[in-house]
Amino acid sequence: ESPEWDNSLNEFLSEHESLINIYSSKRDFLKRPVMINGEKFSFSPGPHNELQKQIIEEFGSRFAQGSECLYVGDTAKKDLLINHEKLEELGFVISTHDKMPDVILYCEDKNWIYFIEEVNSTGPMDYKRIGEINQLTENVERNLIN
661 ESPEWDNSLN EFLSEHESLI NIYSSKRDFL KRPVMINGEK FSFSPGPHNE LQKQIIEEFG
721 SRFAQGSECL YVGDTAKKDL LINHEKLEEL GFVISTHDKM PDVILYCEDK NWIYFIEEVN
781 STGPMDYKRI GEINQLTENV ERNLIN
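See below:
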């Protein structure tokens, strides 16, 4: 390396965007914005996250009005939103992400907890999956909607 090399490199880098910046801006452009509990979040692109967006924005606003989202993951960030304090207060046994439902909503007025599974993520609810959710909620004294 020579001083000329360093100068040429710095000049090149100042005039050209790095591949990291190019790819990350394209990735950010593809992200799906979603409002969760009044805050802006972004889901990675893909059918799983598109369905989660619809669950929160459409299902939640229609069938779980006034509820708070306590948990939702993202294909890129498994714990995009997790309210540990509230889940533990409700009696949840927090375990690995793989055992968590795709979305957990809590409606305090009705004292209802909604466990929402996407069929495309784990397949139809079977006895094994119901057993896993029952383990998560064995200490929960609320009305469970699943």
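Residue numbers for the sequence shown follow the numbering used here, so the first one is 661 and each next one is one higher. Every residue gets a Cβ at the ideal spot worked out from N, C-alpha and C, and that includes glycine. Only a predicted model underlies this, so the values are computations on that prediction, with no experimental measurement involved.
Residue i classed as buried or exposed, judged by whether at least 16 other C-beta atoms fall within 10 angstroms
i	result
Tyr787	exposed
Asp688	Summary for Asp688: the model assigns pLDDT 49, below 50, so the residue's position carries little reliability, and this model does not support an answer.
Pro663	exposed
Gly720	buried
Pro693	exposed
Gln725	exposed
Met760	buried
Phe701	buried
Ile790	exposed
Leu669	exposed
Leu673	exposed
Which of helix, strand or coil DSSP assigns to residue i
i	result
Phe775	strand
Lys770	coil
Leu741	strand
Gly733	coil
Asp786	coil
His676	coil
Gly720	helix
Ser662	coil
Ile793	helix
Asn799	coil
Leu747	helix
Ile715	helix
Pro761	coil
Pro707	helix
Bridge partner(s) assigned by DSSP for residue i
i	result
Glu728	Tyr766
Lys700	Met695
Same chain only: Cβ atoms within 7 Å of residue i, ignoring 5 sequence neighbours per side
i	result
Asp734	Phe703, Ser704, Asn709 and Leu740
Glu798	Val753
Ile696	Ile716, Cys729, Val732 and Leu741
Lys713	Arg692, Val694 and Phe703
Close-in-space but distant-in-sequence residues of the same chain around residue i (CB under 8 Å, 5 per side omitted)
i	result
Ile715	Asp762, Val763, Ile776 and Glu778
Phe746	According to the sequence provided, residue 746 is Lys. The question's Phe does not apply to it. Excluding sequence neighbours, Lys746 sits near Glu728, Leu730 and Tyr766.
Cβ shell of residue i (< 6 Å), same chain only, five flanking positions each side left out
i	result
Leu711	Glu778
### Query
Can you find at least 3 beta carbon pairs, one from the segment 734–743 and one from the segment 788–803, that sit closer than 8 Å?
Using a C-beta cut-off of 8 Å, the segment 734–743 makes no contact with the segment 788–803, since fewer than three inter-stretch Cβ pairs fall below that distance.
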